[in-house]
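Counting from 436, one number per residue, gives the positions in the sequence shown under my numbering.
These notes are about the structure you will find just below.
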Amino acid sequence: MKLNGTLSSTTETSEWESNIDTMGDEHIGSPKIETPMREGAFDLSDDQKMEQIENHFRSIMDIMGLDLTDDSLMGTPKRVAKMYVKEIFQGLNPENKPKMALFNNSYHYDQMLVEKNISFYSNCEHHFVPIIGKAHVAYISSGKVIGLSKINRLVNFFAKRPQVQERLTVQIAEELKKLLETDDVAVVIDAVHLCVSSRGVQDTSSSTVTSSYGGRFKEDDVRSEFFAHIQAPSPS
């Protein structure tokens, strides 16, 4: 229990920490669509972020007892900092959101469009280890169509941040609904979580599937057609 913004006892603090750890292990996602960000999250430049991350990561390595004078390790803090800001977490910066090319559906295509087997890499926000998966995305045009590669770029933009798979699925679906001005959007993600396979239970055979169905995709026959497209073999 919290009293005046603080936890009321050591026992309750321990219980709270235990609950947080369990939430991470069970991969319970936040119901919020937006990625949790603190106020002032974008006040620092990329260079300032990399400098601070480099210093903090050097301290972590030192605490772990690693020899930072070794030629294999001395550059690691800088490499990790650059990787965090410029690569695997670049989707945190709204300036990196891809430009979306939209066109009028002048050819009056009225069937679903499916972009499947979109490979992505993300990172579990509970343990900061990789999520590796594929996304399958479909929509039925209400007058607008989107450049095919833009769907892949949108998936990867939302993937390149600390994530939970449930939120990632909904973020992709809701963004496409807004862009295309239609509820007829479906997203299915099948992914392997290294927080499951490389730690804890260490199950290397399981994967996690999440889905979001809007508009006509809530109808059994439309959803069945989508599944058939996903399961059909791709051209080699």
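Beta carbons: idealized from backbone N, C-alpha and C, even for Gly.
Backbone CA spacing between residue i and residue j [nearest angstrom]
i      : j      : result
Arg658 : Met509 : 52 Å
Ser554 : Ala570 : 7 Å
Thr457 : His561 : The predicted position of Thr457 is uncertain, since its pLDDT is 47 and thus under 50; no value can be drawn from it.
Val605 : Ser647 : 6 Å
Met496 : Met518 : 16 Å
Asp460 : Val631 : In this predicted model, Asp460 has a pLDDT of only 48, less than 50, meaning its place in the structure is not dependable; the value taken from the coordinates is given anyway. Roughly 8 Å between the two C-alpha positions.
Met547 : Ile665 : 12 Å
Glu489 : Glu530 : 22 Å
Arg473 : Asp656 : 43 Å
Asp482 : Lys653 : 46 Å
Proximity below 9 Å, CB of residue i to CB of residue j
i      : j      : result
Pro471 : Arg493 : no
Phe524 : Arg634 : no
Leu629 : Val572 : no
Gly526 : Ala476 : no
Gly568 : Gln600 : yes
Arg602 : Ile468 : yes
Pro533 : Lys585 : yes
Val515 : Lys484 : no
Beta-bridge partners of residue i, as assigned by DSSP
i      : result
His491 : Partner(s): none; His491 has no beta bridge.
Asp574 : At residue 574 the sequence reads Tyr, which differs from the Asp that was named. Leu548 and Val620.
Ser646 : Val623
Ser557 : Ile566
Pro597 : Asn558
N-terminal and C-terminal residue of the beta strand (DSSP E) that residue i is part of
i      : result
Phe538 : Leu537 to Asn539
Residue i: first and last residue of the uninterrupted alpha helix (DSSP H) it sits in
i      : result
Thr511 : Thr511 to Lys517
Lys579 : Note, Lys579: premise wrong, no alpha helix (DSSP H); beta strand (DSSP E) at Lys579 to Ile581.
Glu609 : Gln600 to Leu615
Ser659 : Asp655 to Gln666
Leu629 : Leu629 to Ser632
Chain-order list of residues whose beta-carbon lies under 8 Å from that of residue i (same chain, five-residue window excluded)
i      : result
Gly650 : Ile575, Thr617, Asp618, Asp619 and Val620
Ser480 : none
7 Å Cβ shell around residue i - same chain, five flanking residues per side excluded
i      : result
Ser641 : Val631
Leu614 : Met535, Leu537 and Ile581
Tyr544 : Ser576
Close-in-space but distant-in-sequence residues of the same chain around residue i (CB under 6 Å, 5 per side omitted)
i      : result
Val622 : Val572, Thr604, Ile607, Ala608 and Ser647
Ile566 : Ser557, Cys559, Ala626 and His628
Pro670 : none
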